[in-house]
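Read the structure below first, then the notes.
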Amino acid sequence: MKTGLKIATIGGGSSYTPELIEGFIKYHSELPVREIWLVDIEEGKEKLEIVGNLAKRMVQKAGVSIEIHLTLDRKEALKSADFVTTQFRVGQLAARELDERIPLKHGVLGQETNGPGGLFKALRTIPVILEICREMEEFCPNAWLINFTNPAGMVTEAVLRYSNIDKVVGLCNVPIGMEMGVAKLLEVDHKKVRIDFAGLNHMVYGLDVFVDGVSVKDLVISLITDPDKSITMQNIHAMGWEPEFIRALAVFPCPYHNYYYKAGDMLEKELENFKEGGTRAEVVKKLEEELFELYKNPALAVKPPQLEMRGGAYYSDAAVRLIHSMYTDKRDIQAVNTMNNGAIASIPFDSAVEVSCIITKDGPKPIAMGDLPIQVRGLVNQMKSFERVAIDAAINGDYGTALLAMTINPLVPSDRIAKVILDEMLESHKKYLPQFH
Ligand code: G6P
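Here the sequence shown is numbered in UniProt numbering, starting from 1 and rising by one per residue.
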């Protein structure tokens, strides 16, 4: 019998793959990965070759015995895998551009994960993830699915609700990014920082923030009123918070909350970018071209620092740290997307939530957080309603359900505008939405 773990990475041709490989190299002495199968689709073949060859050079340079396999055959990649990681984008960046541009044309933020753009990303992605789950049942029924594909919260909930796979964890770099941000802000080692996370993906709050077990929440909240001290990610333009507001909010918001508590300002900023010819999708497209040029260089055998311009910073740390803790039954605390099971009292029991968990060999065990404070409960539950209706639309392909999801999204101002955006997006994304026709 072969020893060591088999990892299958779906969307292996992604520019983020060097992040993941770097993580597996770093942890190799404690996490014996034997083989990594990078799998992609025909359209991603060229990128898969380029990034896959870089991955091979990376493991060779590091001197670790990890085999890298490149394939377009998903079933082959899944066969007897121990962990399946997903980082694919249905329709690639061209689809993201539409997710961001179409709503903006009608004066609405696209927000490609939780906004109208996120709705369409869910409609395109959920049928594919459910197909992957069916293949996992057949080819690797014991594997864990570690999903990084956005919208990560909705994808996790769809898997929990509509597939036979219950070994699924949804992963996002926002919680680790917030902890790293606090560490930097307070100039302490990030290992000393712990945040009690509760909420939904891209709508998570730090209910408390600790350094060495002592709460520093009030200090952090007062510091992030300064735009220069805002804790954010490369893809989100943070402007700092109104001091009285953030103090009254009394919990630590995540960078994505800029879209909800500063919707008007964020819209203005994105319209400015739009006029200059660039939504985030277009910026990322250029960045990707540069990255793939770098990746082609046969002398390159490490993750290039330019990758840090993407929003997915700490992705490798988050993904590999999680797999490591599951493999070793480490029982440390990490925030992931998993079934609520009552951990957050004000969110339905059977919903996916993003919450601090104890990570065990049997998966994440959510830590009881009690009720969300009343001032944030409404927004979180509105987002959860949107997510649930969006998932139903992804599954049933029903126009009315999709219109309902679009209209109840907190970024959409009316049913009329929702319909205009929905119609245009359904038409533009037709190729990836077979369930609607
Ligand atoms: C953050 C989010 C990810 C998202 C990324 C976008 O890291 O947590 O979910 O995919 O930003 O970054 P990008 O560079 O593609 O705009």
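Just so it is clear, CB atoms sit at the ideal spot from N, CA and C, and this is done for glycine as well. Here the structure is a predicted model, which is why all the values come from computation and not from measurement.
**OP:** Write down the C-beta distance between Ile256 and His202 rounded to the nearest angstrom, noting that I regard them as a contact closer than 8 Å.
**Re:** According to the sequence shown, residue 256 is Tyr rather than Ile. So it is a contact: roughly 4 Å between Cβ atoms.
Original post:
Apart from the five residues just before and just after Ala318, which ones in its own chain have a Cβ nearer than 7 Å to its Cβ?
Top reply: Leu171, Asn173 and Ile176
**OP:** List in chain order: all unbroken alpha helix (DSSP H) runs of 4+ residues lying wholly within the region 94–172.
**Re:** 116–139 and 152–162
Subject >> Simplified DSSP state of Ile374, which is helix, strand or coil >> reply: helix
Original post:
Considering only the beta carbon of each residue, do Ile36 and Thr3 sit closer than 8 Å?
Top reply: Between Ile36 and Thr3, the gap from beta carbon to beta carbon reaches 8 Å or more.
Subject >> the ligand G6P heavy atom lying under 7 Å from the CB of Ile169 >> reply: Position check: residue 169 holds Val in this sequence, whereas Ile was assumed. Incorrect: Val169 has no Cβ contact closer than 7 Å to the ligand G6P.
Original post:
Looking at the unbroken beta strand (DSSP E) that takes in Pro348, where does it start and where does it end?
Top reply: Element bounds for Pro348: n/a, residue is neither H nor E.
**OP:** Just tell me which of Lys303, Val39 and His106 has its CA closest to the CA of Met425.
**Re:** His106
**OP:** Tell me whether the beta-carbon of Phe252 lies closer than 8 Å to the beta-carbon of Ile195.
**Re:** yes
**OP:** Pair every Cβ in the region 224–231 with every Cβ in the region 239–247, then say whether three or more of these pairs are closer than 8 Å.
**Re:** The region 224–231 is in contact with the region 239–247.
Original post:
By how many angstroms is the C-alpha of Glu112 removed from the C-alpha of Asp265?
Top reply: 17 Å
**OP:** Could you name each continuous alpha helix (DSSP H) segment of 4 residues or more that falls completely within the region 367–437, going from the start of the chain to the end?
**Re:** Unbroken alpha helix (DSSP H) stretches of 4 residues or longer found wholly inside the region 367–437: 374–396, 399–408 and 415–428, given in chain order.
Original post:
Within this structure, are the beta carbons of residue 449 and Asp82 separated by less than 8 Å?
Top reply: Since the first and last residues shown for the chain are 1 and 437, residue 449 lies out of range.
Original post:
Under the three-state reduction of DSSP, which class applies to Ser215: helix, strand or coil?
Top reply: Three-state DSSP puts Ser215 in a strand.
**OP:** Look up Arg34 in the DSSP assignment and say whether it is helix, strand or coil.
**Re:** In this structure, Arg34 counts as strand in the three-state DSSP scheme.
**OP:** Check whether the region 336–343 touches the region 351–363, counting contact only when three or more Cβ pairs, one atom from each stretch, lie closer than 8 Å.
**Re:** Enough Cβ pairs lie closer than 8 Å, so yes.
Original post:
Could you give the residue range of the alpha helix (DSSP H) that holds Ala319?
Top reply: For Ala319, the enclosing alpha helix (DSSP H) starts and ends at Tyr315 to Thr328.
Original post:
From what residue to what residue does the alpha helix (DSSP H) around Met180 run?
Top reply: Val174 to Leu186
Original post:
How would you label Glu187, buried or exposed, when you count the other beta carbons within 10 angstroms and need 16 or more for buried?
Top reply: exposed
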